[in-house]
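Each remark here refers to the structure printed beneath this line.
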Amino acid sequence: MKQRGRHRRRRRGQALRATLAGTALALTAAATLISTSQASGTDSPGGLTPLRAGSVSQLRLHENLTSREALDTLSGNMGGNVGVDGVLRDADRSMRGTADCTEDERAALPVEPTATRAYCWDDADARTSRWRPRSVTTSGDAEDGGAWGTRQVILAGWTHRDGQAAAPGRDEGLARIAFVDATDPDALRYRWVLLVAPRAGGEDFTALRTGLGGMVWYRDKLIVTAEHGEGLLVFDLHRLLRADVDSGAVGRVGHGYSAAGYRYVLPAIGSYDLEGGPCGRDRAVPCFGSLSLDRTTTPDSLVATEAAGGRAERTRLWRYGFSTAAYRTGLLADARGHVDAVEAYTTKGSGISGALSHRPDGARDARWYVARPSDNRDRHGSLWRQSEDGAEAATCTADQSHACWGLGAGSLSYGQRTGELWTLTDAADRRVLYAVPLSSVDGSLG
């Protein structure tokens, strides 16, 4: 398996750890928070504008589920389901704590508000330029208590990008997920899992080639974005399977199964397709960008953003409700195979890499948080809190800009129990997984 090898780094001295403890990782210039009306610069996304009813209809989805018989056939042929615990017990890579991150990696963290937890990937994953990390979700999304069984778990989605045409034997477009055991905050370990799709009635599978711009783990299901107008893909985390052949092939090989060198695969159990047709044609039907979970709505809801190329004037943000039926755990609310958006807005500008909706206790309306990376790869992104009345963000003391969020900002995930906002950076040699208390974001906005 390609993941094997020496993956542990020597820990730094105790003195260095003591110095870092309790500092909230204030790694760059201090920042001062002011409202948008006071801030210099012109990059504010402004207030949210409700989408007209006719435009909301373009967001309707159609549900397509793979037959249980095909899924059971694949599971049976591959020796049965191993589950999340089975993958984590076999974790073979370690994440580096802040003390072991490089100076460049630490510099990718937010200026304001500062991260309270940060981790860097195993050296082999940190250095690769062909795999791009874009999405994150946690067991804090999956369960009210924040844990999956007895473990705290983080999932991070990466997509292979090398500019080569996708073809058998090539990795271009492959999608994999890092299953991270975060139960011990001082010793995070992870294992890669390849995303696949069943075929031939469950007798075989093929690799999924899709960009993981968004990802939400809710109950026992994982929902991810699919490229090329395909909508959303759905996975069942009880159906994690182990490959028993170590080769570069993907699928059935003789009497066994191979997964391009990966030991574990997660087969899709269905999809949600946009009923308006493939996305991107004159932007009438939006392509999916990022995803997140909002537990403060009734029912809980899936928040989505539009992925728009170029510098579009406005970008759509919307939500779908989750089903409350006991036999449809983790699936979206269904009306005879159709799923309708229950709330939708547009926001000024494009390039949104992550969005989150959350209604604080006692508040009438939800607050929307929108992350936007900079056009300059060496410049930090911005994080805005929005409502229909306007937007607020940090203003960095050093240059009076709003570029105070992480470098190469990714999607957002909020843990209700811990109050932490998780995200990750997607900058070459500066890939960091980190958490910021949502209260720090709100508190700094005054």
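Here the sequence shown is numbered in our numbering, starting from 83 and rising by one per residue.
Note that CB positions come from ideal geometry on N, CA and C, so glycine has one too.
DSSP beta-bridge partners of residue i
i, result
"His484", "Answer is none; His484 lacks a bridge partner."
"Val262", "Ile236 and Tyr272"
"Pro215", "Trp240"
"Ile305", "Val298 and Val316"
"Leu494", "For Leu494, which the question treats as bridged, DSSP gives no partner whatsoever."
"Gly436", "Ala453"
"Leu503", "Tyr496 and Val518"
"Trp466", "Val452 and Ala475"
"Ser353", "Asn146 and Leu315"
Contact check, residue i vs residue j, beta carbons under 8 Å
i, j, result
"Gly129", "Gly492", "no"
"Ala224", "Arg301", "yes"
"Asn146", "Asp355", "yes"
"Thr196", "Arg214", "no"
"Ala366", "Arg345", "no"
"Arg459", "Ala448", "no"
"Pro280", "Ala386", "no"
"Leu520", "Tyr496", "yes"
"Arg512", "Leu489", "yes"
"Gly255", "Arg291", "yes"
"Gly227", "Thr500", "no"
"Arg273", "Ala200", "no"
"Pro368", "Arg398", "yes"
"Val218", "Thr505", "yes"
"Leu294", "Arg212", "no"
"Arg467", "Leu527", "yes"
Euclidean distance between Cα positions of residue i and residue j
i, j, result
"Leu322", "Leu304", "12 Å"
"Leu270", "Val262", "7 Å"
"Leu414", "Glu185", "42 Å"
"Glu474", "Val452", "10 Å"
"Asp422", "Leu141", "7 Å"
"Ser537", "Ala308", "As displayed, the chain neither begins before 83 nor continues past 528, which places residue 537 out of reach and without an answer."
"Gly296", "Ser149", "25 Å"
"Ser126", "Gly431", "8 Å"
"Gly123", "Thr477", "In this prediction, Gly123 scores a pLDDT of 33, lower than 50, which makes its location untrustworthy; the coordinate-derived value is nonetheless stated afterwards. Spanning the two alpha carbons is a distance of roughly 9 Å."
"Val164", "His320", "8 Å"
"Val518", "Ala282", "45 Å"
"Thr232", "Val306", "25 Å"
"Arg175", "Thr131", "45 Å"
"Arg401", "Ala408", "21 Å"
"Arg243", "Pro192", "26 Å"
"Ala113", "Thr220", "Because Ala113 carries a pLDDT of 37, less than 50, the predicted location of this residue cannot be relied on, and the following value inherits that uncertainty. Between Ala113 and Thr220, the C-alpha separation is close to 29 Å."
Expected contact under 8 Å - CB spacing of residue i and residue j to nearest Å
i, j, result
"Ala509", "Ala238", "That pair is no contact at about 15 Å."
"Ser353", "Leu315", "5 Å"
"Gly284", "Thr378", "Not a contact, Cβ separation roughly 38 Å."
"Thr411", "Pro381", "Their Cβ separation, rounded to whole angstroms, is 12 Å, which puts Thr411 and Pro381 out of contact at 8 Å."
"Val235", "Ala260", "So it is not a contact: roughly 11 Å between Cβ atoms."
"Ala389", "Phe370", "6 Å"
"His144", "Glu470", "Wrong, their Cβ atoms sit about 30 Å apart, outside the cutoff."
"Val347", "Phe287", "7 Å"
Distance cut-off 7 Å: residue i Cβ against heavy atoms of the ligand COA
i, result
"Ala206", "Judged by which ligands are present, the structure shown has none, so any question about the ligand COA falls away."
Next on the checklist: Whether or not the region 410-419 and the region 436-446 are in contact is what I'm after, with contact meaning three or more pairs of Cβ atoms, one per stretch, closer than 8 Å; do they touch?
Outcome noted: Output reads no: the region 410-419 does not touch the region 436-446.
Checklist entry - Taking one C-beta from the region 420-429 and one from the region 479-488 each time, how about it: are there three or more such pairs within less than 8 Å? => result Using a C-beta cut-off of 8 Å, the region 420-429 makes no contact with the region 479-488, since fewer than three inter-stretch Cβ pairs fall below that distance.
Checklist entry - Counting Cβ pairs, one atom from each stretch, are 3 or more of them under 8 Å apart for the region 325-337 and the region 168-182? => result Touching, no, given that fewer than three Cβ pairs across the two stretches are closer than 8 Å.
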